[in-house]
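S.K.: Starting off with a structure, shown below.
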Amino acid sequence: MNLSKLKFGSTIGIIGGGQLGKMMAQSAQQMGYKVIVLDPNSSCPCQYVANEFINAAYDDQIALDRLGALSDVITYEFENISANQLQALASKYNIPQGYQAIQLLQDRLTEKQTLQDSGSNIAPFLQLTDYDDLVKAVDSIGYPFIVKTRFGGYDGKGQVLVKDATHLDEARQLIQAQECVAEQYLNLSKEVSLTVTIGTNNQITYFPLQENEHQNQILFKTIVPARVQDNKEQEARNEVNKIIKAIHFIGTFTVELFIDQQNQLYVNEIAPRPHNSGHYSIEACEYSQFDTHIKAITGQQLPQQVTLLKPAIMMNLLGRDLDLLEDQFAEHPEWHVHIYGKNERKFNRKMGHLTVLTNDINETEQKLLKQFEGR
Ligand code: ADP
Ligand code: MG
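If you read the sequence shown in our numbering, its first letter stands for residue 4, the second for the next number, and so on.
Encoded structure:
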């Protein structure tokens with residue numbers, strides 16, 4: 004496998020043409036690489052950005068081979084591709100990210116087992132295959148707990164919060180549809196995430212700790228630096244370091260963490276790709292999470308560290324936020340607005356985001372929250 008430096012003018016193949024693929028492509032093109040994207044949706048955000056576009060299903064072997072043949076290196080922007088297919092591709096083509104991370108992390112059960120084996124601090128969990136397991140969860144974990152499908156969940160989809168016995172039936176229906184895991188529902192004081200990039204020479208570059216707020220389990224805003232006690236950033240790095248030892252990976256990934264009311268840090272989940280909570284880095288850091296990802300997969304030296312140039316707030320723009328705010332964009336030069344170019348606007352769909360750099364996070368946050376009121 005040739006992991007040597009990829010010369011500019013080389014071609015990067017990206018599986019997935021959503022907003023993450025688009026922002027990866029833009030970083031890659033800035034560095035002089037060509038980009039070829041495979042996506043089943045012919046009007047995905049990458050359609051007009053990619054130098055070449057393959058409109059095919061993610062499991063279309065002929066199309067994947069075409070992508071492989073045309074690319075000097077392949078990357079992916081989301082975790083729900085078939086691990087088997089990725090493994091087969093990795094034996095033929097240059098995929099520095101590898102397939103192991105996808106294999107372990109696209110299944111919440113193996114993800115949790117891997118985290119547990121790595122010594123990471125995670126909430127107590129139990130595998131659920133049938134209703135009896137649900138009863139066991141009531142005994143061993145206790146209310147409240149949260150039931151999550153093993154595969155395919157995102158933005159809170161495929162989850163049932165079991166506060167008490169009245170929610171068991173809903174959880175049972177979810178288990179009937181798909182195998183699940185139950186995990187203790189924590190009393191959170193904060194959610195944070197840490198984005199890191201791993202280079203081909205084992206180099207690790209950390210981004211600053213990010214503070215995240217979700218609404219309806221969808222990321223609403225990210226504030227950097229996270230407003231937490233100083234030691235939390237180092238604690239989060241320690242957790243990430245355990246994970247890096249357990250999973251082979253090259254490129255950018257993000258670890259989502261919880262801080263509970265007792266100030267205890269827990270690892271929630273890992274995204275083996277650039278992450279929504281790292282978008283602020285495009286304007287607020289000297290390198291974005293997409294820049295370092297491209298540097299890593301093309302075998303370049305990573306920056307020793309990524310410096311936050313100015314504190315930042317990133318707000319997601321869902322369909323309903325665009326309805327409310329798009330007339331405001333022209334009035335706010337301080338808003339760095341990113342619109343992904345999805346053809347269909349939906350109430351809860353991520354259509355874009357905006358980032359504001361500020362020396363007064365609290366004041367800017369209050370101003371922005373006023374703008375988002377009534378959403
Ligand atoms: P997704 O893949 O949808 O991001 P997560 O497991 O990250 O799934 O859950 C989405 C959100 O739901 C989290 O960011 C958090 O706000 C809430 N959540 C999930 N699990 C727990 C838990 N064990 N305790 C408290 N809140 C949780
Ligand atoms: Mg999550």
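Even glycine gets a Cβ: it sits at the ideal position worked out from N, Cα and C.
1. If G322 and R352 are in contact, beta carbons under 8 Å, what's the gap, nearest whole angstrom?
2. DSSP three-state call for I253: helix, strand or coil?
3. Do T358 and A315 count as a contact pair if the criterion is CB distance below 7 Å?
4. Near ligand 2, which residues have their beta-carbon less than 7 Å from any of its heavy atoms, given in chain order?
5. With 16 as the cutoff for other CB atoms within 10 Å, does T169 come out buried or exposed?
6. Starting from the Cα of L1, find the closest Cα among H356, T208, E55 and give me that residue.
7. State whether the stretch 216-231 contacts the stretch 58-66, with contact taken as three or more CB pairs (one from each stretch) at a distance under 8 Å.
8. For F210, does the three-state DSSP call read helix, strand or coil?
9. For a test of your reading of the model: does the CB of Y188 fall under 6 Å from any non-hydrogen atom of ligand 1? Yes or no.
10. Ligand 3 and G145: does any heavy atom of the ligand fall closer than 6 Å to the residue's C-beta?
11. Thinking C-alpha only, which one of N266, A91, E194, R153 is nearest Q179?
12. Tell me the rounded alpha-carbon separation between N5 and C49.
13. Give the straight-line distance between the Cα atoms of E173 and V163, rounded to the nearest whole angstrom.
14. Could you check whether the Cβ of I262 sits closer than 6 Å to any heavy atom belonging to ligand 1?
15. For M318 and I221, what's the separation of their Cα atoms in angstroms?
16. Starting from A274, follow the beta strand (DSSP E) in both directions and report where the run begins and ends.
17. Using the Cα positions of I125 and Q119, report the straight-line distance between them to the nearest angstrom.
18. Label N97 either buried or exposed according to how many other C-beta atoms from any shown protein chain fall within 10 Å of its C-beta, with 16 as the threshold for buried.
19. Which same chain residues end up closer than 6 Å to N54 when comparing Cβ atoms and leaving out the 5 residues on each side of it in sequence?
20. Got a sec: does ligand 1 put a non-hydrogen atom nearer than 6 Å to the Cβ of Y134?
21. Quick check on this structure: which residue in L325, L268, F252 has the alpha carbon closest to the alpha carbon of H296?
22. Residues in its own chain within less than 8 Å of I77 by CB, not counting five upstream and five downstream?
23. Please classify F293: does DSSP put it in a helix, a strand, or coil?
24. Using the rule of at least 16 other Cβ atoms within 10 Å of the residue's Cβ for burial, across every protein chain shown, is S192 buried or exposed?
25. Which class does G202 belong to by DSSP, given the choice of helix, strand or coil?
26. Quick one: is D324 buried, meaning 16 or more other Cβ sit within 10 Å of its Cβ, or exposed?
27. Going by alpha carbons, who is nearest to M354 out of C47, M34, Y188?
28. Put T301 into one of helix, strand or coil per three-state DSSP.
M.R.: With the given structure in hand:
1. Right, their Cβ atoms sit about 5 Å apart.
2. Assigned with DSSP and collapsed to three states, I253 falls in coil, not helix or strand.
3. Here A315 is near T358, since their CB atoms are less than 7 Å apart.
4. That query returns the following residues: E259, N271, E272.
5. With a 10 Å radius around the Cβ and a threshold of 16 neighbouring Cβ atoms, T169 comes out exposed.
6. Because the chain is modelled from 4 through 378, residue 1 falls outside the range shown and cannot be assessed.
7. The stretch 216-231 vs the stretch 58-66: no contact.
8. In this structure, F210 counts as coil in the three-state DSSP scheme.
9. The answer is yes for Y188.
10. In the structure shown, ligand 3 is absent; the only ligands present are ligand 1 and ligand 2.
11. R153 is the residue among N266, A91, E194, R153 whose C-alpha sits nearest the C-alpha of Q179.
12. Only weak support exists for where N5 lies, its pLDDT of 44 falling under 50; the coordinates are left without a value.
13. So the two alpha carbons sit approximately 7 Å from each other.
14. No, the Cβ of I262 stays beyond 6 Å of every heavy atom of ligand 1.
15. Whole-angstrom Cα-Cα distance: 11 Å.
16. That run of the beta strand (DSSP E) goes 268-274.
17. Cα atoms of I125 and Q119: separation of roughly 7 Å, rounded to the nearest angstrom.
18. Buried, because 16 or more other Cβ atoms sit within 10 Å of the Cβ of N97.
19. Taking N54 as the centre and dropping the five residues before and after it, the same chain places the C-beta of K37, V38 closer than 6 Å to its C-beta, in chain order.
20. Incorrect: Y134 has no Cβ contact closer than 6 Å to ligand 1.
21. Taking only the C-alpha atoms, the option nearest H296 is F252.
22. Taken in chain order, the residues that qualify are I15, G16, I17, I18, L70, G71, L92, Y96, N97, I98.
23. Correct three-state label for F293: helix.
24. It counts as exposed.
25. G202: coil per DSSP, three-state reduction.
26. Buried is the call here.
27. The candidate whose alpha carbon is nearest that of M354 is C47.
28. Residue state for T301 is assigned as coil, using DSSP reduced to three classes.
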